[in-house]
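Written out below as structure tokens is the structure these notes cover.
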Amino acid sequence: MICQLNSSRVWLLLILIFALFLRLNAAFSYPNILWPDEIFQTLEQGHRLAFGNGMIPWDFRDGIRSWLFPGILGGIMKLTAGFSEGASGYLASIKIFLSLLSLIPVWIGFSIAYESIGLAGAILAGGICAIWFEFIYFAPKAFTEVMAAYSLLVGVYLGCYGKNPPSRQRLYWTGFFYGLTTYLRFHLLPAIAIALIYQVRQKNFPQLLPLALGFIGPVLLGGALDAFTWSTPFQSIWKLIWINIFEGKFNSFGVSPWQQYFTWLALNWSWWLFPILVFCAIAARRHWILALLALVIILSHSFLGHKEYRYMFPALPLIIILAGLGIATLVSRLSLMRGSLAGKTIVIFSSLLLWAFLSWLLAGRFNTDQTFNFGPPWQKPGYTHWQTHGGQLQAYQYLSSEKKLCGLGVKGLAWQYTGGYAYLHQDVPIYFLKDNQNFEELQPYFNYLLFNQDTAAVGDYQREKCFNGTCVYRRSNSCQVNPNYHINQYLKEAGE
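Numbering follows full-length UniProt numbering, with no gaps: position 201 of the sequence shown is 201.
Set out below in structure tokens:
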């Protein structure tokens, strides 16, 4: 037993190291932006806390976002800014930090499978979570929804698995992670309620006190943080509900039909959706709570008019872990794991290689913006999310160490799909140019220009370097001071 336990720890460590390698490789090789919030609601506000300069979008002007996650990111920025010149040091540190957090689904998938199936099943389930393309893609993303997904998953594991009856300490931490999830993403309350009902379904009422104490702690601390950073307790929750739901701000960003999340799953997973559902159905007989929670998350978000794929991310680890458990269960039932060690090894690694190949195929067509097309996994769209807006991020990061930069003009690019001061780092004015006339009027105030067009020169600006279609141009003269301009006043006047 001790030997097997040690062996399981070794295997878990190897899988985690491999998973971290995949995530870091993708994070540093494919800079991209899925949605502006990953920059301007988290990284940018962290930069404001750490260094004082940053762009303030409407939701932070209106005080509907929590400072918890931006505060953590800002702390990392401040601590690691000296690792290299410009923004590169702290951006690398944040990618590593977020990628480490992204190992939580791998660890939990391995642990659940080990408890219910054994080591071979754990290697399968953990390996599947390690190589799934969406987990790799979202690993370096500074989305609150992703952080809430990890917190929920830890709570579900602590509350629904492990020793029965659980210790008071385990119950406390279960409640803590449910409370943290509630503060980070209160939209997940229906799923948390289902998980709590499942946990006390056999009238285990003595469990309620440590659960409640654990739950209340982070919720009250979150309310106190809102009161300290804004003006009232829980402002990031109640005011967000008021502005987005009752004032209709939420729907002004676009409304999708109720079945949109199911459509996105079919679009992203293609024909592989059907095997995943079969594997989930196999595992759901024993692990039905995971299936129910995933369904509740998707359905509860389906009632909201405005939809984004990241909103349903908390359901994805539950689904993929369930699929991994289904594969492990199926292989076990077919008695393929009861033969020789060589036979078991061949079965496990053949399954993982097949899953890796399919994950790689689906990664190559990952684009939630395309028109729905339930084509084969190898059918490629015009572009994928792995490359979108990466050039803008690289250009901003490149300029973060340019000592001659005194002002930046951005032509033909929306500010929402740039790196902000989190990537630029330098405290210089940024001008977003609407047209050629605007360019002529404002060019005395900036000596560097970003433009999504690869030409030798733009006016007096000579091309210096290009990044995936986004080019940096520079003129030799210095910048005049514009006392009547500030980027945040520009955003406020534009209502953005």
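Idealized CB from N, CA, C, for every residue including glycine. Fair warning: this is a prediction, and the values are worked out from it, not measured in the lab.
Inter-residue CB distance, residue i and residue j (contact presumed, cutoff 8 Å)
i, j, result
"residue 535", "V106", "Because the chain is modelled from 1 through 496, residue 535 falls outside the range shown and cannot be assessed."
"residue 521", "I321", "The question about residue 521 has no answer, for the chain in this structure spans 1 to 496."
"G52", "E44", "The Cβ separation is near 12 Å, so there is no contact."
"Q392", "T455", "Contact doesn't hold; Cβ gap of about 17 Å is too wide."
"A139", "S99", "5 Å"
"A87", "S351", "Wrong, their Cβ atoms sit about 41 Å apart, outside the cutoff."
"G109", "W173", "No, G109 and W173 are not in contact; Cβ-Cβ is about 19 Å, not under 8 Å."
"A323", "C280", "5 Å"
"D226", "S66", "7 Å"
"L152", "P210", "That pair is no contact at about 19 Å."
"L290", "A113", "Not quite, the Cβ-Cβ distance comes to about 12 Å (not below 8 Å), so this is no contact."
Distance between residue j and residue i (C-alpha atoms, nearest Å)
i, j, result
"E134", "A356", "12 Å"
"Y198", "A191", "11 Å"
"E402", "G223", "41 Å"
"Y417", "G217", "37 Å"
"F21", "E115", "26 Å"
"F250", "I243", "8 Å"
"P165", "N367", "44 Å"
"V156", "W415", "38 Å"
"G409", "I131", "40 Å"
"V255", "K344", "49 Å"
"P444", "G382", "38 Å"
"V428", "G407", "5 Å"
"Q169", "N484", "58 Å"
"P275", "Y137", "22 Å"
"Y90", "A142", "13 Å"
"A422", "H47", "6 Å"
Candidates the options, of which the one nearest residue i by Cα
i, options, result
"Q480", "A120, W242, E441 and F467", "E441"
"S476", "N482, R463 and G469", "R463"
"Y404", "G419, Q426, Q387 and H389", "Checking the sequence, you will find Lys at residue 404 rather than Tyr. Of the candidates G419, Q426, Q387 and H389, the one whose C-alpha sits nearest the C-alpha of K404 is Q426."
"T232", "T42, A342, I64 and P31", "I64"
"F186", "P210, I94, E145 and N484", "E145"
"Y183", "V219, R168, L209 and R201", "V219"
"L180", "Y161, A195 and L221", "L221"
"K307", "F274, E496, W258 and R48", "W258"
"I245", "A284, L304, A294 and W272", "L304"
"W238", "D62, P36 and F446", "D62"
"L265", "A363, L101 and L353", "A363"
"Y261", "L316, Q207, F40 and W11", "L316"
"Y398", "W272, C466 and W288", "C466"
Strand pairing of residue i, partner residues [DSSP]
i, result
"A457", "Q462"
"Q117", "Inspection of the sequence shows that residue 117 is occupied by Ile rather than by Gln. In the DSSP output, where bridge partners are listed per residue, I117 has none listed."
"residue 500", "Summary: the structure shown does not reach residue 500, with the chain confined to residues 1 through 496, and so no result is reported for it."
"F186", "In DSSP, F186 forms no bridge with anything."
"F467", "T470"
"L433", "K411"
Which of helix, strand or coil DSSP assigns to residue i
i, result
"C406", "coil"
"Y161", "coil"
"L304", "coil"
"K78", "helix"
"L354", "helix"
"residue 521", "There is no way to answer for residue 521, as the model of the chain reaches only from 1 to 496."
"N484", "coil"
"V331", "helix"
"K492", "helix"
"N268", "helix"
"C280", "helix"
"A323", "helix"
Residue i: CB within 7 Å of a non-hydrogen atom of the ligand FMN
i, result
"K95", "By its list of ligands, the structure shown contains no ligand whatsoever, and the ligand FMN lies outside what it can speak to."
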